[in-house]
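Right, one structure below, let's go through it.
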Amino acid sequence: MDPDGALSMTVLNFGYSHYSAMRVCTRTDASGLIHDPVRIDEPSSNISSSHLIYSDLSNFRITIAFTSHFTPSISPCNIALDQWEAVISEDTGGSSLAEDLSRIDLRLDSDVGLMDPSQDTQGGSGEALYERYMEHGDIEDLERCIAIWREEVQSAGGDDVETAYVLHSLGMALQARFGCYGQLNDLEEAIASYQHDAIVHHTHAIELTPEGSPYMPMWLGNLGIALWTQYKSSGSSVDLQDAIVHFTHAIELTPEGSPDMASWLYSLGLVLKTRYESSGSSADLQDAIVHITHAIELTPKGHPWGACYFYCLGTLYLLSMESGYKEADNATQAMDTFAGAMEQPSGDPYWSVQAGLKYIELLSMTPSISTPPPLTKLDAHQRILDLIPQVIWLGYDLQKRYKKLASLKVSVSHAVADAIMAGEYQQALEWLECSRAIVWAQVLQLHTPLDDLAQHHPQLASRLQATSTALQKDASELHATPASANLPTSSKGHFHTRAKDTYDFALEYDHIIKEIRLLEGFENFLRPEQASQLMAACTPGVVVIINMHRSRCDALVLIHNEDIIHIPLPLFSYDYARELQTQLWSIVRRRPKARNDMRDSDGNDLTKSFPTAAGDGDTQLDEEVEMRTILHDLWAQVVRPIVDVLKHKDLFESGPDDDLPHITWCPTGPLVFLPLHAAGIYPPHGISETIMDIAVSSYTPTLDVLLRPRARRDNCGDHANYPKLLVVHQPNVPGYAPIPRTVDEAEEIHKAFRSRANVVDEPNGTVEAVLEGMRTHDWVHLACHGMQDIENRLNSAFALSDGKLTLSRLMSEYIPSAELAVLSACQTAMGDEELPEEAIHLAAGMLNIGYRSVIGTMWSIYDESAPIVMKPFYRAMAKQVAKGGELQPAYALHEATRVLRKKVGEKNFMQWVPYIHLGL
Numbered sequence: 002m003d004p005d006g007a008l009s010m011t012v013l014n015f016g017y018s019h020y021s022a023m024r025v026c027t028r029t030d031a032s033g034l035i036h037d038p039v040r041i042d043e044p045s046s047n048i049s050s051s052h053l054i055y056s057d058l059s060n061f062r063i064t065i066a067f068t069s070h071f072t073p074s075i076s077p078c079n080i081a082l083d084q085w086e087a088v089i090s091e092d093t094g095g096s097s098l099a100e101d102l103s104r105i106d107l108r109l110d111s112d113v114g115l116m117d118p119s120q121d122t123q124g125g126s127g128e129a130l131y132e133r134y135m136e137h138g139d140i141e142d143l144e145r146c147i148a149i150w151r152e153e154v155q156s157a158g159g160d161d162v163e164t165a166y167v168l169h170s171l172g173m174a175l176q177a178r179f180g181c182y183g184q185l186n187d188l189e190e191a192i193a194s195y196q197h198d199a200i201v202h203h204t205h206a207i208e209l210t211p212e213g214s215p216y217m218p219m220w221l222g223n224l225g226i227a228l229w230t231q232y233k234s235s236g237s238s239v240d241l242q243d244a245i246v247h248f249t250h251a252i253e254l255t256p257e258g259s260p261d262m263a264s265w266l267y268s269l270g271l272v273l274k275t276r277y278e279s280s281g282s283s284a285d286l287q288d289a290i291v292h293i294t295h296a297i298e299l300t301p302k303g304h305p306w307g308a309c310y311f312y313c314l315g316t317l318y319l320l321s322m323e324s325g326y327k328e329a330d331n332a333t334q335a336m337d338t339f340a341g342a343m344e345q346p347s348g349d350p351y352w353s354v355q356a357g358l359k360y361i362e363l364l365s366m367t368p369s370i371s372t373p374p375p376l377t378k379l380d381a382h383q384r385i386l387d388l389i390p391q392v393i394w395l396g397y398d399l400q401k402r403y404k405k406l407a408s409l410k411v412s413v414s415h416a417v418a419d420a421i422m423a424g425e426y427q428q429a430l431e432w433l434e435c436s437r438a439i440v441w442a443q444v445l446q447l448h449t450p451l452d453d454l455a456q457h458h459p460q461l462a463s464r465l466q467a468t469s470t471a472l473q474k475d476a477s478e479l480h481a482t483p484a485s486a487n488l489p490t491s492s493k494g495h496f497h498t499r500a501k502d503t504y505d506f507a508l509e510y511d512h513i514i515k516e517i518r519l520l521e522g523f524e525n526f527l528r529p530e531q532a533s534q535l536m537a538a539c540t541p542g543v544v545v546i547i548n549m550h551r552s553r554c555d556a557l558v559l560i561h562n563e564d565i566i567h568i569p570l571p572l573f574s575y576d577y578a579r580e581l582q583t584q585l586w587s588i589v590r591r592r593p594k595a596r597n598d599m600r601d602s603d604g605n606d607l608t609k610s611f612p613t614a615a616g617d618g619d620t621q622l623d624e625e626v627e628m629r630t631i632l633h634d635l636w637a638q639v640v641r642p643i644v645d646v647l648k649h650k651d652l653f654e655s656g657p658d659d660d661l662p663h664i665t666w667c668p669t670g671p672l673v674f675l676p677l678h679a680a681g682i683y684p685p686h687g688i689s690e691t692i693m694d695i696a697v698s699s700y701t702p703t704l705d706v707l708l709r710p711r712a713r714r715d716n717c718g719d720h721a722n723y724p725k726l727l728v729v730h731q732p733n734v735p736g737y738a739p740i741p742r743t744v745d746e747a748e749e750i751h752k753a754f755r756s757r758a759n760v761v762d763e764p765n766g767t768v769e770a771v772l773e774g775m776r777t778h779d780w781v782h783l784a785c786h787g788m789q790d791i792e793n794r795l796n797s798a799f800a801l802s803d804g805k806l807t808l809s810r811l812m813s814e815y816i817p818s819a820e821l822a823v824l825s826a827c828q829t830a831m832g833d834e835e836l837p838e839e840a841i842h843l844a845a846g847m848l849n850i851g852y853r854s855v856i857g858t859m860w861s862i863y864d865e866s867a868p869i870v871m872k873p874f875y876r877a878m879a880k881q882v883a884k885g886g887e888l889q890p891a892y893a894l895h896e897a898t899r900v901l902r903k904k905v906g907e908k909n910f911m912q913w914v915p916y917i918h919l920g921l
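In the working numbering, the protein residues as written are 2 to 921.
Below, the structure is given as structure tokens:
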């Protein structure tokens, strides 16, 4: 029979995988919301009708029955199965789906103990480690399971089912490691594992396994995948041909009606597509289309891989169209297929997004297609933008969300450009707002005041508040302690438990939001704001949003009591903005560093990753000449055209220095990194004409940054006019260059504010002390080293006496009484080149934890320059405080920058230009 329980464990793990599939599908049906790997936009009207769930239930039932035959002690699983069948039959006895599923989880986790290697005193089974690797991506789990399975292969008895299973498992793990590292020797070993008397082992396995076993097709198919993957590295046509043979054999052995049939047909189609790309055989391409079409026909709507299947079929039609075969028909079929992928109700939304991008690209290529497309271009853009938050789901840690967002390659600016071209300016404005700083928006959403909800529905408000608080804590802890950290096994188990908790809290959060939106008066609870609400961001002053796309550049201007003003910028282009950005970063790279230290956690200099202009490191253009050119072209091609239109409409009038109009710039793309606030003509290029002479400039990453402080200000007393000021200066932090002038800054601030300024020096400026001080003071001044971590965005930090105050740590804070943050450090508002729309920098961090105004720097600042700026800045702020009324830090910085500009000389642009104001 099965004296060692090996066969039972094999089958039970197979069954558990089907249970996991059932749980994922049903949990998303129950909540009506989306997560990885499956997302469902709307709840299923009849869960019990899902073919996918029934196929998995059938396999799970067979698994339990077969395992119980060999191992009676596994009977707790039968209880779980009974509960599951009660769920499917909707005979839940009044309990919720979530409660039933939780009970099943508890049974499986506590009684079977398969999925928690940290509870295994011998280090965890290979199966459990592999499952955990697949869930969390911890490479250490993968290495450990490979080591375990290698030992089992060496100690196996030979030609039996146990050996066959372990060889199969080892091959899968080595193939996974090949995917991580790209080591060809891993893949070769995986192939060798399969080929080690593979037919004998598989035949023996079939003899020992009940009729209808799914193992043979699965093993043949996975061998096909390994061969196909090896082909991508080796280029051997033999590997490709063998992969086709194995997939074909797997299909032949798979019974009709099996849920696995679609996956093998899809895999065979992909391999035939690969052979077509190398051979050009139209027969291969047409066969691939046939197989994947068949896979889609066999796949019920709502299947997790449905969107992926549709996407792949669409790419096949594109290839067929490019070959010149029935071009119009293929274009129509490709559009229909990509549209089908976007409309899939579940599955990984990544594929739906990619299908949407292909759809828009195809629509642009074939504008005169005779058949009306299933979706307009704007509808397709809307669908893509709706899917983005689903890809970067709240249940992921912050770093994973940013990685997923970067992988999408979605151009929000493309959608906005198309909306502007169609004259839909309000739509363009709404898209720009809801698709920028998405992760920040998710974090801030957890801090949303619930007063109105609590008044009408206190229980819901209490549940939402508790869940939000748990998610805030979990997101912070998960980023602070990544799964790959060098932790003992017990600590790793705790980490993975917290990750699962975050997943569950996120599902609960989504479920509560959906429940709230069903209530009268709360239909739009936490939905993106509409254009009419966003227009309030321009009170008072002017907000200029500049959209940068390769097809066109445009400004949308918001002015109180005016319609959105559209100003085309035909003289400027995305590519030229990138060129100016490259020139600027080349200058930054050449300059000596002062209050910054751009290094990763291993101490490596990260400035080498900056793009550089041609000739950098060889013959350099003069810094002054380069900066004059950059500022001139920004003026001539971007800023002056905007100002001229506003002047022509009598909407912009300059006045004395203390009454200059205020412009808040909201740039996109590469323009995020360029100093619009200093744009102008500087002698000897001509008569002086600059934006600084006619307006005070600020920046904002989103309109919400301008709206939130105004919304809370009505309830905030008079503390803004009598601020408490925390001054932190760190002149001699160990491991960093001394910055002695930070002491001068602190002294100047103390002179201006006396008893209201609480000065914290070394060694009292610890991370926790500074955070506690920020919570109890209205203003904070940080004079220290700043670190921009380009490789790990959330590790950007301020260097304090006992360590780093990182961006990820800031994201766990929320200080509703915060007013002003002055970041006298380098590159605090530099941003991330890969995700410029996300505002991943320290200045944005301060805005988003509650500060209504932030002074930051676009690049390195000189230690000697900082006190020259801060002295007039704080004197101006002290006058504003004494005068009462609305504080205007942007005007104070404008005045202070003029002082520095006069002191160091106008031509020293790199010293006075980097200082900027963000927010209100």
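Just so you know, even glycine gets a beta-carbon here, dropped at the ideal spot from N, CA and C. Values in this document were obtained by computation on a predicted structure and should not be read as measured data.
Residue i - DSSP class collapsed to helix/strand/coil
i: Cys554; result: strand
i: Asn849; result: helix
i: Gly924; result: Because residue 924 is not part of the residues shown, which for the chain are 2 to 921, the question remains open.
i: Trp586; result: helix
i: Leu447; result: coil
i: Thr316; result: helix
i: Leu801; result: strand
i: Cys717; result: For Cys717, the pLDDT reaches just 48, beneath the cut-off of 50, and the residue's location in the model is therefore unreliable, leaving the point undetermined.
i: Ser436; result: coil
i: Thr858; result: strand
i: Leu527; result: coil
i: Pro305; result: coil
i: Leu520; result: coil
i: Ile816; result: coil
i: Gly270; result: helix
i: Cys26; result: With a pLDDT of 38 at Cys26, under the threshold of 50, the predicted position of this residue should be treated as unreliable, though the coordinate-derived value follows. The answer is helix: DSSP assigns Cys26 an H, G or I state.
i: Val154; result: helix
Through-space distance from residue j to residue i, alpha-carbon basis
i: Arg402; j: Met831; result: 20 angstroms
i: Ala356; j: Phe339; result: 5 angstroms
i: Glu509; j: His250; result: 44 angstroms
i: Asp762; j: Ser347; result: 55 angstroms
i: Val543; j: Ile692; result: 14 angstroms
i: Ala332; j: Gly920; result: 47 angstroms
i: Val676; j: Glu524; result: Note that residue 676 is Pro in the sequence shown here, rather than Val. Between Pro676 and Glu524, the C-alpha separation is close to 41 angstroms.
i: Ile850; j: Trp913; result: 27 angstroms
i: Tyr166; j: Tyr131; result: 14 angstroms
i: Leu358; j: Arg276; result: 25 angstroms
i: Arg629; j: Ser587; result: 15 angstroms
i: Ala532; j: Cys539; result: 12 angstroms
i: Pro657; j: Cys554; result: 32 angstroms
i: Glu521; j: Ala442; result: 25 angstroms
i: Ile837; j: Ser126; result: Going by the sequence as given, residue 837 is Pro instead of Ile. Roughly 43 angstroms separates the two Cα atoms.
heavy atom of the ligand MN below 7 angstroms from residue i C-beta
i: Glu814; result: Only the bare structure without any ligand can be found here, which leaves the ligand MN out of the picture.
Beta-ladder partner(s) of residue i, from DSSP
i: Met549; result: Cys554
i: Trp780; result: Leu726, Leu821
i: Thr807; result: Ala798
i: Val760; result: Val728
i: His786; result: Ala800
Please give the ranges of any beta strand (DSSP E) in the region 637-714, keeping only runs that are unbroken, at least 3 residues long and fully inside the region. Those beta strand (DSSP E) runs which fall completely within the region 637-714 and span 3+ residues are 663-668, 697-700.
Between the region 695-714 and the region 657-673, do three or more beta carbon pairs fall short of 8 angstroms? Enough Cβ pairs lie closer than 8 angstroms, so yes.
Does the region 735-743 come into contact with the region 792-799, if we say contact requires no fewer than three beta-carbon pairs (one atom in each stretch) closer than 8 angstroms? With fewer than three CB-CB distances shorter than 8 angstroms, the region 735-743 does not count as touching the region 792-799.
Are three or more beta carbon pairs between the region 721-730 and the region 838-850 nearer than 8 angstroms? They do not touch, by the three-pair rule.
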